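Residue 216 in the working numbering sits at position 131 of the sequence shown, and the numbers go up by one each step.
Okay, so here's the structure we're looking at.
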Amino acid sequence: MKNQLMNSVSRGTPLLAGMLCLLAPHWAVAGGFDQDLFERFVASNMGTDGKPVYYYSTGTVRTFPGGELLANIEGVDMARLLKRDADGTVHKASRKMFILRDPKTGAVIEEIDGKPYNQTFYPYQYMTFRLGTNGELSGGSTQGAGAKKHFVNFAGGIEARRVGDIAVFSAANTRQGQDGTGSYEMYEFWVLPKSSGIKPSATLTLTLVNWQPIGKGKPVYTHRTSWRVDRYADLPASLRDYIDTKAPLYREPPRDMAEIERLQQ
C-alpha cells in the first residue's frame with residue numbers, strides 16, 4: 086500500500102513524495118491512541134453503522150528460511166459493529182476464511198501428501214475494544230466452540246501511530262505449542278484520511294511464521310496484503326465462486342450476539 090501511495094503522490098507532486106519519505110512516525114500519547122485515532126480504528130476495522138466491512142486478501146506461503154513458493158493464499162476477513170456502550174466500548178463481530186491455491190494451476194489445494202487439507206476457517210470472532218485514559222487500547226477476542234471456546238486478552242498489544250496524515254495500527258501475536266512449534270504474526274492497518282481520495286482508503290498487511298501441513302514439518306512464512314471493499318459483490322469472482330458453492334456462511338459476518346452464541350455451542 087505504501088508503494089501504491091508513493092506512486093500516486095509522486096506522479097503529481099515529487100516534492101510531496103520526498104517529504105513523505107522523511108516523515109517520522111509518532112505515537113499520539115503514551116499508550117498510542119487518542120480519541121481521533123480510536124475512531125479511525127473503529128471506522129476502518131468494523132465500520133460505524135452495523136453494515137458489513139470486507140477485507141479481501143491475497144498473498145503467498147513460502148518456506149522459512151529459503152523463500153521457496155509453496156502456495157498462493159486468498160481469502161476474506163469481514164466484520165461489523167454490533168454496538169457501542171455508554172463507556173465507549175465497541176463490540177465487533179467478525180468472520181474470516183483463507184484458502185491455499187496451487188501456484189502453477191490456481192486450483193484450490195485439497196490434500197497434502199495424500200491427506201485431506203482443511204482450509205482456514207473462523208466461523209466467528211467476537212471482540213471488544215475500549216480506549217483507556219492513558220491512550221491504551223483494552224479488550225479481547227473470544228472464538229471457538231464448546232470446550233475449545235477461549236478468550237484472548239489484547240493487554241495493550243495493539244499500537245497506534247501517525248505517519249503524516251496516515252493512521253497506522255499494529256498488532257503482534259505470538260503462540261507457543263507444547264511440541265516446540267509456535268507462531269509469530271504481525272498485522273498492520275494503514276488508513277488514509279477520507280480527504281485523500283485514494284482508493285482503497287484502508288489496507289492491511291500480515292506477516293506470519295508458523296508450522297502448518299504444507300511446510301511438511303518445517304516452518305513457513307506467509308505474507309498477505311488485504312484491502313477494504315464495502316460489498317460482498319465487490320470481492321473477486323475467484324473467491325465468491327468458492328464461497329457460494331462450498332462456504333456460504335462466509336458471505337457476511339455474524340449478524341448479532343444470538344448468532345455468535347449459537348456458533349459457540
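Backbone N, C-alpha and C fix where the C-beta goes; we use that ideal spot for every residue, glycine too.
None of these values were measured; they are calculated from a predicted model.
Judged by DSSP secondary structure, Q120 falls within the alpha helix (DSSP H) whose first and last residues are Q120 to M131. The region 248 to 255 makes no contact with the region 145 to 161, as fewer than three CB pairs between them are under 8 Å.
In the assembly as shown, I283 is an exposed residue. Its beta-carbon has fewer than 16 other beta-carbons within 10 Å. Here DSSP, grouped into helix, strand and coil, assigns L320 to coil.
Counting other Cβ atoms within 10 Å of its Cβ, E196 stays below 16 and is therefore classed as exposed. Of the other Cβ atoms in all chains shown, fewer than 16 fall within 10 Å of the Cβ of M342; this residue is therefore exposed.
Relative to E221, the option among Q120, Y139, A230 and R186 whose CA is nearest is Q120. About 7 Å separates the beta carbons of W312 and Y140, which is inside the 8 Å limit, making them a contact pair. In the DSSP assignment, the residues bridged to G225 are T213 and N238. Classified as buried, F118 has 16 or more neighbouring CB atoms from the shown chains inside 10 Å of its CB. Residue pairing for P201: DSSP places it in a beta bridge opposite E196. A straight line joining the alpha-carbon of K303 with that of L324 spans about 28 Å.
DSSP places D264 outside both helix and strand once states are collapsed to three, so it counts as coil. Taking C-alpha positions only, Q210 is separated from G249 by approximately 32 Å. Linking A230 to K181 through their CA atoms gives a straight-line distance of about 16 Å. Taking the Cα positions, G199 is about 54 Å away from A171.
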